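The next block holds one structure in the form of structure tokens; read it before the comments.
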Amino acid sequence: MELKKKFTFALVGNPNAGKSSIFNQLTGLRQKVGNFPGVTVDKKIGTVVLPQGQSVSLIDLPGAYSLYPNAQDERVVLNILANPADAAYPHAVVYVADLTQLERHLLLLTQLKDLGFPLILVINMLDLAEKQHITLNETLLSEWIGLPIILLNGRTGDGIEPLKAAMFELVEQQPMVQIPKPFYQPTLIEKKIVEQMRLILPIQSNYRAILWAHHFEKLPFLSQFEKNLIKKMVADTGFEDIRLQITETLQRFQSIQPMLQKNILKKENPSNTQHTFTPNWTDKIDKIVTHNVLGPLIFVGAMFFLFQAVFSWATPMMDLIEGIFGQVNAFLKQNLPDNWLSALFTEGIVAGLSGVLVFIPQIAILFFLISILEEVGYMARAVYLFDRVMQRFGLNGRSIVALISGGACAIPAIMSTRTISNRKERLITILVTPLISCSARIPVYALLIGFVVPPDRVWGLFNLQGIVFSGLYLLSAVSALGSAWVFKKIIKDDESAFLAMELPEYRMPLWKNIRNTVIHKVLAFITEAGKVILMVSIVLWFLASFGPSDSMNRAAHIAEKEAIEKHFNPEQTATLVAARKTEASYAGHLGRLMEPAIRPLGFDWKIGIALISSFAAREVFVGTMSTIYSVGSSSETSIREKMRQDVRKDGTPVYTLATAVSLLIFYVFAMQCMSTMAVVRRETGSWKWVWIQFAYMSVLAYFGSFLAYQLL
Amino acid sequence: MTLIVSLVELKDGENGVLTEFLDPKIACKLMSMGILPGKSISLIRRVPFGGGLYVKVVGQNFAIRAEEARSILIDKVCQTFLN
Chain Y
27 MELKKKFTFA LVGNPNAGKS SIFNQLTGLR QKVGNFPGVT VDKKIGTVVL PQGQSVSLID
87 LPGAYSLYPN AQDERVVLNI LANPADAAYP HAVVYVADLT QLERHLLLLT QLKDLGFPLI
147 LVINMLDLAE KQHITLNETL LSEWIGLPII LLNGRTGDGI EPLKAAMFEL VEQQPMVQIP
207 KPFYQPTLIE KKIVEQMRLI LPIQSNYRAI LWAHHFEKLP FLSQFEKNLI KKMVADTGFE
267 DIRLQITETL QRFQSIQPML QKNILKKENP SNTQHTFTPN WTDKIDKIVT HNVLGPLIFV
327 GAMFFLFQAV FSWATPMMDL IEGIFGQVNA FLKQNLPDNW LSALFTEGIV AGLSGVLVFI
387 PQIAILFFLI SILEEVGYMA RAVYLFDRVM QRFGLNGRSI VALISGGACA IPAIMSTRTI
447 SNRKERLITI LVTPLISCSA RIPVYALLIG FVVPPDRVWG LFNLQGIVFS GLYLLSAVSA
507 LGSAWVFKKI IKDDESAFLA MELPEYRMPL WKNIRNTVIH KVLAFITEAG KVILMVSIVL
567 WFLASFGPSD SMNRAAHIAE KEAIEKHFNP EQTATLVAAR KTEASYAGHL GRLMEPAIRP
627 LGFDWKIGIA LISSFAAREV FVGTMSTIYS VGSSSETSIR EKMRQDVRKD GTPVYTLATA
687 VSLLIFYVFA MQCMSTMAVV RRETGSWKWV WIQFAYMSVL AYFGSFLAYQ LL
Chain W
351 MTLIVSLVEL KDGENGVLTE FLDPKIACKL MSMGILPGKS ISLIRRVPFG GGLYVKVVGQ
411 NFAIRAEEAR SILIDKVCQT FLN
């Protein structure tokens, strides 16, 4: 902890005001991404170097329309700005407004002013405003609102230096306690409640008191005692939440509107504003993209391209990563002394690390493409098009973003649901998103499909394995929507649901923003999921390498004798010994223990071990298989070969069509990802939903596999 | 002459002036986005079978649910006079 807190600015603005570009321009790559405590809303903190060389912190807060939040990400803004004791409470605020939407963007600014923050007003999107012939009388606006104003183009970075200079000036004067004339003139009831609150609670700002009176139930920083106090005052004074919010909003706009219309904003072509409608680029594109027939077709085409790209572009990179790790491991095995520590290092840690890093190409490509769609403004159109369909399944149009991202990884997908304001719609989205086949299932699918589906072509055109692959994705999507529909019937909730959202102007994507998103997501994956995968790999290695007392040695002895009797060559002997040793290990015991439960699905104890380990993370399956089949074995044959050669006691192969299909179906449905469960816990705020999700997915998986195995 | 209808009753391409919200909660949400009484609002297109509405308010495009649009009252008078 630093003794003196570094001077901190918060970056605040409405959604689509161009905040993230300005954040990236100000901080460059000097950014850290964390989480706000208790919620998984991304908290981006950067460092800005001011003209005289000193550095200040800049916190990028989520976009918000007002201090009356409708969704969880907006709530973060209120929770921080209404609580001076918050660790992220800023000394001052840089407020970003879009010149073409100045009127509505000033609402939140006036609220921040009433909270007493020292402010700098940044006016963005000058290029767009120029195209729309909007001019601004900057001096008048600055005088009226009583703030320094910086004109800026967040895309090119023009105006960034003056902004830094203004921030420098603000830091230097050391914010005097500002007592500005408040924008909002409170009603009698509000004045009354503020007076009462001032007597008991530590309140310096009248407007903060009003906000507490509105939101006290959901403010995490108030104690139950304080909440009860406020609750009583609210009842005593007749404080009506909704009505007063409307009064306040209207009053603020009533002072903003005439000022802007008369003096500050000028539109050169006034006939163009009200009744005649000249379509711009966005309108022309949307005529096609949001067309009732073409729109959905374009969407399906875009998704098809997206997943094709993820798979085909990532494969060479993944092969490269696996190749490098394979060689490193071979090199280490040759050169390290032959003891358990080296074995832990090569078979546990390095193998686990490779299992984490191999997913980076897919995750990076998927987020690259999704953030392009997001940046140009396409995602909002998909939300508009599919909201109705999604509603039928108890979801929200915004769920489509989560379901698509779920194709990469459920963790960021579940985090993206925070923009859904309705609790029920958000909850259902969270519950079904892990059913969408994520990239972690791909290696499992690939391995198993390789067994049972010949690489033939159908009608000389389609790859049969590819068709099965697509079939699994279809199954996952259908089951997600089906489960959502069931949850819609079960979960009761009559909170009003909103869609209302902006459809922003189409813009060229900014590569800097996309680059930063991709870097952040990949780093988050490595740290969040990577830790778990690595730990599981190590635990597994231990379980597979050691057994109770000297049972493993005994098993090895017996196997060696048996090999001599059967006149095995050295390689066959080694395989047999390794297999018997694994059987005698802790992992083997564990697998045998659960074998009765999974035999109806066609699984043996080795698959049982893989299933147990997969509960930490699915991708561990392939790793486990390679650990179990490779521990102590020196042979060069691939896991796939070894699995193929594996036979049951009666001599029939373990991996038949029925087993493989059953296993595939199990992996489509089962909740096998501790990291996802942790995120669900954080997002829903209770273990209840985690267990409900776990239970329903396990039931689906067990009975799905059971049916498949018994029928085939 | 005034003609008050709800937003969801407008035909594609029609416009009018927003007069009132029927649901205070929806009013709160939409007003904070700058969709205010007195603003001119045009319905550009909609998703069929009760789907979302694509509307334009002072140069900004929004997507709104049919249920939300049902609680927004529109005065078509300006439209009538202009034609």
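In order, the protein sequences belong to chains Y and W. According to my numbering, the residues represented by the first sequence are 27 to 738, in order. According to my numbering, the residues represented by the second sequence are 351 to 433, in order. Cβ atoms here follow ideal geometry from the backbone N, Cα and C, with glycine treated the same way. This structure is a prediction, so every number in the text was calculated from the model and none was measured.
Spatial neighbours of residue i within its chain, please: C-beta separation below 8 Å, excluding the five flanking residues on both sides.
i	result
Ile375 of chain Y	Leu560, Ser563 and Ile564
Lys32 of chain Y	Ser81, Val82 and Ser83
Ile394 of chain W	Asp362, Gly363, Tyr404, Val405, Lys406 and Asn411
Glu586 of chain Y	Thr599 and Val603
Can you tell me where the alpha helix (DSSP H) holding residue i begins and where it ends?
i	result
Asp436 of chain Y	Reading off the sequence shown, one finds Ala at residue 436 of chain Y, where the question assumed Asp. Here the alpha helix (DSSP H) through Ala436 of chain Y covers Ala436 to Met441.
Ile176 of chain Y	Unbroken run through Ile176 of chain Y is the beta strand (DSSP E), Ile175 to Leu177; no alpha helix (DSSP H).
Ala192 of chain Y	Ile186 to Gln199
Ile475 of chain Y	Arg467 to Val478
Lys406 of chain W	Note, Lys406 of chain W: premise wrong, no alpha helix (DSSP H); beta strand (DSSP E) at Leu403 to Val407.
Thr263 of chain Y	Gln250 to Thr263
Ser426 of chain W	Per the sequence shown, the amino acid found at residue 426 of chain W is Lys instead of Ser. Lys426 of chain W -> no alpha helix (DSSP H), and no H or E assigned at all.
Could you spell out the range, first to last residue, of the beta strand (DSSP E) harbouring residue i?
i	result
Ser83 of chain Y	Ser81 to Asp86
Phe35 of chain Y	Thr34 to Gly39
Lys293 of chain Y	Leu291 to Lys293
Thr275 of chain Y	No beta strand (DSSP E) holds Thr275 of chain Y; the alpha helix (DSSP H) holding it covers Asp267 to Met285.
Compare the Cα-Cα distances from residue i to each of the options and report the closest residue.
i	options	result
Asn96 of chain Y	W:Ile354, W:Leu368, W:Lys379 and W:Ala413	W:Lys379
Ala235 of chain Y	Y:Lys244, Y:Thr73 and Y:Gln222	Y:Gln222
Ala503 of chain Y	Y:Ser463, Y:Asn539, Y:Pro480 and Y:Pro535	Y:Ser463
Ala356 of chain Y	Y:Leu346, Y:Ala377, Y:Ala340 and Y:Met344	Y:Ala377
Val402 of chain Y	Y:Phe251, Y:Ile171, Y:Pro530 and Y:Gln57	Y:Pro530
Asp262 of chain Y	Y:Gly349, Y:Ile215, Y:Gly432 and Y:Leu627	Y:Ile215
Gly492 of chain Y	Y:Leu147, Y:Gly508, Y:Ala506 and Y:Leu474	Y:Leu474
His117 of chain Y	Y:Leu125, Y:Gly142, Y:Ala123 and Y:Glu129	Y:Gly142
Val197 of chain Y	Y:Asn489, Y:Glu621, Y:Thr341 and Y:Pro77	Y:Pro77
Leu372 of chain W	W:Ser356, W:Leu360 and W:Asn365	W:Ser356
Leu248 of chain Y	Y:Gly321, Y:Ala369, Y:Leu125 and Y:Asp112	Y:Asp112
Ile446 of chain Y	Y:Ala466, Y:Leu507, Y:Leu498 and Y:Ala523	Y:Ala523
His159 of chain Y	Y:Ile430, Y:Ile149 and Y:Thr126	Y:Thr126
Ile146 of chain Y	Y:Asp99, Y:Leu178, Y:Tyr115 and Y:Arg606	Y:Leu178
Alpha carbon to alpha carbon, what distance is there between residue j and residue i?
i	j	result
Ala727 of chain Y	Leu637 of chain Y	12 Å
Leu411 of chain Y	Pro41 of chain Y	20 Å
Ala428 of chain Y	Ala510 of chain Y	13 Å
Tyr612 of chain Y	Phe572 of chain Y	6 Å
Gln598 of chain Y	Glu373 of chain Y	21 Å
Trp307 of chain Y	Leu37 of chain Y	30 Å
Leu536 of chain Y	Thr136 of chain Y	30 Å
Lys18 of chain Y	Ala582 of chain Y	This structure cannot settle anything about residue 18 of chain Y, because the visible part of chain Y is limited to 27 through 738.
Leu690 of chain Y	Tyr681 of chain Y	12 Å
Phe325 of chain Y	Ile71 of chain Y	34 Å
Lys157 of chain Y	Lys293 of chain Y	11 Å
Met151 of chain Y	Thr161 of chain Y	12 Å
Gly730 of chain Y	Gln736 of chain Y	10 Å
Phe629 of chain Y	Ile718 of chain Y	25 Å
Ile272 of chain Y	Tyr91 of chain Y	14 Å
Ser724 of chain Y	Phe695 of chain Y	7 Å
Arg56 of chain Y	Leu683 of chain Y	53 Å
Asn232 of chain Y	Asp140 of chain Y	8 Å
Arg534 of chain Y	Ser47 of chain Y	Looking at the sequence provided, one finds Met at residue 534 of chain Y rather than Arg. C-alpha separation (whole angstroms): 12 Å.
Gly180 of chain Y	Ala526 of chain Y	26 Å
Compute the minimum distance between the beta carbon of residue i and the heavy atoms of the ligand GDP, and state whether it is under 7 Å.
i	result
Ala727 of chain Y	Among the components of this structure there are no ligands whatsoever, and the ligand GDP is therefore not found.
Please go through the same chain and pick out, in chain order, the residues whose beta-carbon is closer than 7 Å to the beta-carbon of residue i, but skip the five residues on each side of it.
i	result
Lys547 of chain Y	Ile389, Phe393 and Pro438
Asn163 of chain Y	Asn289 and Ile290
Lys45 of chain Y	Leu37, Gly39, Asp86, Gly89 and Val122
For residue i, which residues in the same chain have their Cβ closer than 6 Å to its Cβ, ignoring the five residues on either side in sequence?
i	result
Ile376 of chain W	Glu418 and Ser421
Val479 of chain Y	Leu490, Gln491 and Val494
Trp631 of chain Y	Gly617, Arg618 and Glu621
Inset, instruction - May I ask you to verify whether the stretch 43-61 of chain Y touches the stretch 185-201 of chain Y, counting CB pairs closer than 8 Å and requiring at least 3? - result: yes
Legend entry - Stretch-stretch touch, CB-based, cutoff 8 Å, three pairs: the stretch 430-444 of chain Y with the stretch 469-481 of chain Y: no
Legend entry - Short-range partners of chain C found in the stretch 382-395 of chain W, where Cβ spacing is below 9 Å: No chain C appears in this structure, whose protein chains are Y and W.
Legend entry - Three-pair Cβ contact test at 8 Å for the stretch 241-249 of chain Y versus the stretch 104-117 of chain Y: yes
Inset, instruction - Take every Cβ of the stretch 383-390 of chain W, pair it with every Cβ of the stretch 707-721 of chain Y, and state whether three or more of those distances are shorter than 8 Å. - result: no
Inset, instruction - Check whether the stretch 447-465 of chain Y touches the stretch 415-424 of chain Y, taking contact to mean three or more Cβ pairs, one atom from each stretch, closer than 8 Å. - result: yes
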